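Structure first, commentary second.
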Amino acid sequence: MKRVERDFITLFNCLWYRDFPVSEAYDMAGRADWTIHLGLVVRQCATLLGARALFEQGGRTDAVIRYSDTDTLSFVEWEWKRAHTDINEFSKLLQKTDGAVFQTFIGYSRVTDLKLTTDQICEHWQTANKPLVAFLITYEMVGRNRRFKELQTYMFAKGRYKKIRSQPALPWEVNRAKANNETEEAA
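For the sequence shown, the residue numbers in this note's numbering are 11 to 197.
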């Protein structure tokens, strides 16, 4: 994994909690709220990486992160529909693999569909010549609403995938004592 990919993943996972559109008291938000939130997170990541995020650019992708007009870091697609359904985001990203360092997908999966989702993304991405960073927000249904569980981050490349990290999707569910004491082995 390239350093810029790791930096982007770290920033996205940290900034996910910033300006969060729900609270403990009011923990449901609509599709538009989450679309705006994702756009803000992508823009903040781009800024901190020294790039800029442009929306509905680059051949109608949701966003493109660029350093300059000719130096693209990532094309970004997100979709509210479940990631293993008949969405066209992977086709759009596959068409642009040569034009960026990596591609980014942000999607949603029911907890019970997660294996199906990751297998399907892997199948879509097996012929790509650049990696795909996928942020999957898992959820369970509560009535007709989604109750978010985890933000899981995956890297898809060369016909395989690896889970990079997982964290609670809702900021008030983070176990701060555990997070403050966890260590990582040096790579």
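All residues carry an ideal CB built from backbone N, CA and C; glycine is no exception. All values reported here derive from a predicted model rather than from experimental measurement.
### Task
Following the continuous alpha helix (DSSP H) through LEU58, name the residue where it begins and the one where it ends.
Stepping through the sequence shown from its first residue, residue 58 is reached at position 48. Counting along the chain, the alpha helix (DSSP H) containing LEU58 begins and ends at 41-58.
### Query
Since SER33 is in the beta strand (DSSP E), which residue starts that stretch and which ends it?
Position 23 of the sequence shown holds residue 33. That residue, SER33, is in no beta strand (DSSP E); it is neither H nor E in DSSP.
### Message
Closest to ARG16 by C-alpha separation, out of ASP37, GLU192, LEU59 and VAL32, would be which residue?
### Response
Against the sequence shown, residue 16 aligns to sequence position 6. Residue LEU59 is the option with its Cα nearest to ARG16.
### Query
Does the region 61-77 come close enough to the region 123-142 that 3 or more CB-CB pairs lie under 8 Å?
Contact between the region 123-142 and the region 61-77 is absent, because fewer than three Cβ pairs lie under 8 Å.
### Proximity to LYS159 [Cα-Cα], best of GLY169, TYR118, MET11 and ALA56
Taking the sequence shown and counting its residues from 1, the one referred to as residue 159 is at position 149. Out of GLY169, TYR118, MET11 and ALA56, TYR118 has the C-alpha closest to the C-alpha of LYS159.
### Message
Can you give me the C-alpha to C-alpha distance between THR80 and ALA110, rounded to a whole angstrom?
### Response
The sequence position of residue 80 within the sequence shown is 70, counting from 1. The sequence position of residue 110 within the sequence shown is 100, counting from 1. Between THR80 and ALA110, the C-alpha separation is close to 10 Å.
#### Entry: Whole-angstrom distance between THR163 and CYS24, CA atom to CA atom
As a position in the sequence shown, residue 24 is number 14, starting the count at 1. As a position in the sequence shown, residue 163 is number 153, starting the count at 1. About 12 Å.
### Task
Using three-state DSSP, classify ASP72 as helix, strand or coil.
Numbered from 1 along the sequence shown, position 62 holds the residue referred to as residue 72. Reduced to three states, the DSSP call for ASP72 is strand.
### Query
Could you give the C-beta distance for THR148 and ALA93, rounded to a whole number, given that I count them as a contact under 8 Å?
Start at 1 with the first residue of the sequence shown, and residue 148 comes out as number 138. Start at 1 with the first residue of the sequence shown, and residue 93 comes out as number 83. Rounded, the Cβ-Cβ distance is 10 Å, inconsistent with contact.
### Task
Could you check if GLN113 is buried or exposed, using at least 16 other CB atoms within 10 Å of its CB as the buried criterion?
The count along the sequence shown starts at 1 and reaches residue 113 at position 103. By the 10 Å Cβ count, GLN113 comes out buried.
### Task
Name, in chain order, the residues that DSSP records as bridge partners for THR82.
For the purposes of this step, residue 82 is taken as residue 72 along the sequence shown, with counting starting at 1. Residue pairing by DSSP puts THR82 in a beta bridge opposite ARG76.
### Query
In whole angstroms, what is the alpha-carbon distance linking VAL86 and ARG41?
Position 76 of the sequence shown, counted from the start, is the residue given in the question as residue 86. Position 31 of the sequence shown, counted from the start, is the residue given in the question as residue 41. Approximately 17 Å, taken between the alpha carbons.
### Query
Alpha carbon to alpha carbon, how far is TRP88 from GLU99?
What you label residue 88 is simply residue 78 of the sequence shown in a count that begins at 1. What you label residue 99 is simply residue 89 of the sequence shown in a count that begins at 1. About 7 Å.
### Task
Ignore the nearest five residues each way along the sequence and tell me which others in GLN130's own chain have a CB closer than 6 Å to its CB.
Numbered from its first residue, the sequence shown carries residue 130 at position 120. Excluding residues within five positions, the ones whose Cβ falls inside 6 Å are HIS94.
### Query
Residue range of the alpha helix (DSSP H) that LEU103 falls in?
Here the question's residue 103 lines up with position 93 in the sequence shown. First-last of the alpha helix (DSSP H) with LEU103: 99-104.
### Message
Suppose the cutoff is 8 Å on Cβ atoms and the five residues either side in sequence are ignored; what does the same chain contact list for TYR29 look like?
### Response
On the sequence shown, position 19 is the one that residue 29 refers to. Note that residue 29 is Asp in the sequence shown here, rather than Tyr. Hits under 8 Å: HIS47 and LEU50.
### Message
Cutting at 7 Å between CB atoms, please list the residues of its own chain near ALA56, excluding the five before and the five after it.
### Response
Locating residue 56 in the sequence shown gives position 46, counting from the first residue. Closer than 7 Å at Cβ, skipping near neighbours: ARG62, ALA63 and ILE75.
### Where the alpha helix (DSSP H) through THR20 begins and ends
Locating residue 20 in the sequence shown gives position 10, counting from the first residue. Per DSSP, the continuous alpha helix (DSSP H) segment holding THR20 begins and ends at 13-25.
### Message
Going residue by residue through the region 144-186, where are the continuous beta strand (DSSP E) segments of at least 3 residues, counting only ones entirely within it?
### Response
Whole beta strand (DSSP E) segments, 3+ residues: 155-167 and 170-178.
### Query
Distance, Cα to Cα, TRP44 vs GLY169?
For the purposes of this step, residue 44 is taken as the residue at position 34 of the sequence shown. For the purposes of this step, residue 169 is taken as the residue at position 159 of the sequence shown. Cα to Cα, TRP44 sits roughly 30 Å from GLY169.
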